[in-house]
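Visitor: The opening position of the sequence shown corresponds to residue 1 in the numbering used here, with each subsequent residue numbered one higher.
From the three backbone atoms N, C-alpha and C, an ideal C-beta is built for every residue, glycine too.
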Amino acid sequence: MNKLSKQGQSIRGIARKLGISRQSVRKYMNGTPKYKAPVQDSFNNYLKINRETIKELFFEMNGHCVPLLRKLRESYDGSANLRGLQIFCRQFRRELKKVDNHHFHASGFTY
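1. For residue 105, count neighbouring C-beta atoms within 10 Å of its own C-beta (all shown protein chains included) and say buried if the count is 16 or more, exposed if not.
2. Specify the secondary structure class of residue 70 as computed by DSSP and reduced to three states.
3. Are three or more beta carbon pairs between the segment 42–62 and the segment 87–99 nearer than 8 Å?
4. What does the Cβ neighbour count give for residue 18, buried or exposed, with the cut at 16 atoms within 10 Å?
5. Thinking C-beta only, is residue 82 closer than 8 Å to residue 69?
6. Express the C-alpha separation of residue 97 and residue 73 in angstroms, rounding to a whole number.
7. Is it right to say residue 66 is buried, meaning 16 or more other beta carbons lie within 10 angstroms of its own, or is it exposed?
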């Protein structure tokens, strides 16, 4: 953006070329801080990195995300939200249902 400005491009011209608003061009030209990854992205990265551990905890907690989130907050310093965790854990639900379908009856037979 600064390069375009030094080449003599107007704010309107820069905005058109980059496909952003003129106000955004002004903000960046005035030294607004660089792009910061949304908080949710860092939580999603944490979930991906710790996938196997989260999967084990998910099964231990019988597929309940609220206690799992409490447990994760003990080791994760950032902002963690329930909906993001629920979406991430969808991939484990089918596997959890397979395990749950093998209940044992008191007589020793499965049903």
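Guide: Walking through what the data contain:
1. Caution applies to residue 105, whose pLDDT of 48 falls short of 50 and renders its modelled position unreliable; the value that the coordinates give is listed next. Exposed, by the Cβ-count rule.
2. helix
3. Because the criterion of three Cβ pairs below 8 Å is met, the segment 42–62 and the segment 87–99 touch.
4. exposed
5. yes
6. 26 Å
7. With fewer than 16 other Cβ atoms inside 10 Å of its own Cβ, residue 66 counts as exposed.
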